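*Asks:* Quick one: the structure is below, and I'll ask about it shortly.
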Amino acid sequence: MISLITGTVRSIHSDRLVVEVGGIGFSVLVNPSTSGAVTLGSSVQLFTSLVVREDSLTLFGFLNEQARSLFELVQTVSGVGPKVALSILSVLTPEDLGRAIAQEDVSAIERVPGIGRKGAQRMILELKGKLSDLSESGTYQGHQPAWREQLSSALVSLGFSPKESDNAIGALVNRLQSEGVDASSVDMSDLLKDALANGKNSRG
Numbered sequence: 000m001i002s003l004i005t006g007t008v009r010s011i012h013s014d015r016l017v018v019e020v021g022g023i024g025f026s027v028l029v030n031p032s033t034s035g036a037v038t039l040g041s042s043v044q045l046f047t048s049l050v051v052r053e054d055s056l057t058l059f060g061f062l063n064e065q066a067r068s069l070f071e072l073v074q075t076v077s078g079v080g081p082k083v084a085l086s087i088l089s090v091l092t093p094e095d096l097g098r099a100i101a102q103e104d105v106s107a108i109e110r111v112p113g114i115g116r117k118g119a120q121r122m123i124l125e126l127k128g129k130l131s132d133l134s135e136s137g138t139y140q141g142h143q144p145a146w147r148e149q150l151s152s153a154l155v156s157l158g159f160s161p162k163e164s165d166n167a168i169g170a171l172v173n174r175l176q177s178e179g180v181d182a183s184s185v186d187m188s189d190l191l192k193d194a195l196a197n198g199k200n201s202r203g
């Protein structure tokens with residue numbers, strides 16, 4: 000099982016990345032928000048889910064472990080395979096999906112390509128209560144904006160653990176909010192510099 004890869008981004012497409020690890024290029028299927036959060040030639044860490052079929056091995060990648068957990072959870076629904084699961088994460092934010100499940104909003108789930116009315120009803124029935132369980136366990140923490148995913152990936156590639164990265168970014172966001180600044184309006188290089196300083200302080 001390949002659950003994590005760290006390497007250099009060699010190719011970017013809306014639905015996949017090619018990541019070079021040790022001289023080998025891995026083709027990883029991703030959603031558009033993930034492909035939009037990385038840059039060509041940069042280092043990236045992807046949490047991956049390997050889908051094995053008789054005639055293929057397909058790797059799906061995510062910038063955080065929470066997204067991968069949600070990807071794997073929705074596949075527990077009858078009739079939902081990995082590509083449909085990826086489409087769900089591309090069309091609906093985790094908050095939107097959780098709201099649709101809780102409110103039994105069939106039309107919202109029908110927006111996902113490959114899911115009809117019966118499929119949406121089945122998803123509501125089978126996931127009812129499971130999304131809140133995932134959130135309470137701490138495995139799933141909701142949708143992250145692209146800048147935060149990119150910043151987290153950069154910190155992890157520089158040696159931070161996912162928890163240290165989250166702590167450093169959380170401290171940065173709190174400071175910016177106290178100053179009335181929207182983090183999405185700040186240059187990524189400045190965000191990274193400040194987050195590194197926060198991480199250094201928290202590490203002592």
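Residues 0 to 203, numbered by our numbering, are exactly what the sequence shown covers, in order. By construction, the Cβ of each residue, glycine as well, lies at the ideal position given by its N, Cα and C atoms. Keep in mind that this is a model prediction, so the values were computed, not measured.
1. Would a C-beta distance cut-off of 8 Å place Thr7 and Gly40 closer than the cut-off?
2. Provide the residue span of the beta strand (DSSP E) that contains Thr47, from first to last.
3. I believe Leu175 touches Ala167 by the beta-carbon criterion, under 8 Å. Please report the beta-carbon distance rounded to the nearest angstrom.
4. Between Arg271 and Phe61, how many whole angstroms is the CB-CB distance? I'm expecting something under 8 Å.
5. Skipping 5 residues on each side, what residues in its chain have a beta carbon closer than 6 Å to that of Val17?
6. Would Glu103 be called buried (16 or more neighbouring beta carbons within 10 Å of its own) or exposed?
7. What is the rounded straight-line gap between the Cα of Thr57 and the Cα of Asn30?
8. Mapping the DSSP letters down to three states, classify Arg147 as helix, strand or coil.
9. Starting from the Cα of Gly97, find the closest Cα among Leu190, Leu157, Glu125 and Gly169 and give me that residue.
10. Let me know if Leu69 comes out buried or exposed under the rule of 16 or more other beta-carbons within 10 Å of its beta-carbon.
11. For Ser55, which of helix, strand or coil comes out of DSSP?
12. Helix or strand or just coil, what does DSSP make of Lys162?
13. Spell out a yes or no on whether the segment 106-118 and the segment 80-92 are touching, meaning 3 or more CB-CB pairs, one atom from each, closer than 8 Å.
14. Closest to Thr92 by CA distance: which of Gly78, Ser77, Met187 and Ile108 is it?
15. Can you tell me which residues form a DSSP beta bridge with Phe61?
16. Can you name the residues that DSSP bridges to Val17?
*Replies:* Straight from the coordinates:
1. To locate residue 7, count along the sequence shown from 1; it is residue 8. To locate residue 40, count along the sequence shown from 1; it is residue 41. Yes, Cβ-Cβ distance for Thr7 and Gly40 is below 8 Å.
2. The count along the sequence shown starts at 1 and reaches residue 47 at position 48. Counting along the chain, the beta strand (DSSP E) containing Thr47 begins and ends at Ser42 to Arg52.
3. The count along the sequence shown starts at 1 and reaches residue 175 at position 176. The count along the sequence shown starts at 1 and reaches residue 167 at position 168. Going by Cβ atoms, the distance from Leu175 to Ala167 rounds to 13 Å, so no, they are not a contact pair.
4. Lying outside 0 to 203, the shown extent of the chain, residue 271 is not represented and no answer is given.
5. Reading the sequence shown from its first residue, position 18 is the one you call residue 17. Taken in chain order, the residues that qualify are Arg9, Ser10, Gly24 and Ser26.
6. Residue numbering aside, residue 103 sits at position 104 when the sequence shown is read from its first letter. Classification of Glu103: exposed, given that the 10 Å Cβ count is below 16.
7. As a position in the sequence shown, residue 57 is number 58, starting the count at 1. As a position in the sequence shown, residue 30 is number 31, starting the count at 1. Cα-Cα distance, rounded: 14 Å.
8. Taking the first residue of the sequence shown as 1, we reach residue 147 at position 148. In the three-state DSSP reduction, Arg147 falls in the helix class (H, G or I).
9. By one-based count along the sequence shown, residue 97 stands at place 98. Considering only alpha carbons, the answer is Glu125.
10. To locate residue 69, count along the sequence shown from 1; it is residue 70. The residue is buried, with at least 16 neighbouring Cβ atoms inside 10 Å.
11. For the purposes of this step, residue 55 is identified with residue 56 of the sequence shown, where counting begins at 1. In this structure, Ser55 counts as strand in the three-state DSSP scheme.
12. Numbered from its first residue, the sequence shown carries residue 162 at position 163. Looking at Lys162 - three-state DSSP - the assignment turns out to be helix.
13. When C-beta atoms of the segment 106-118 are compared with those of the segment 80-92, three or more pairs fall below 8 Å, so the two segments count as touching.
14. Locating residue 92 in the sequence shown gives position 93, where the first residue counts as 1. Residue Ile108 is the option with its Cα nearest to Thr92.
15. The sequence position of residue 61 within the sequence shown is 62, counting from 1. Phe61 is bridged to Phe46.
16. For the purposes of this step, residue 17 is taken as residue 18 along the sequence shown, with counting starting at 1. DSSP lists Ser10 and Ser26 as partners of Val17.
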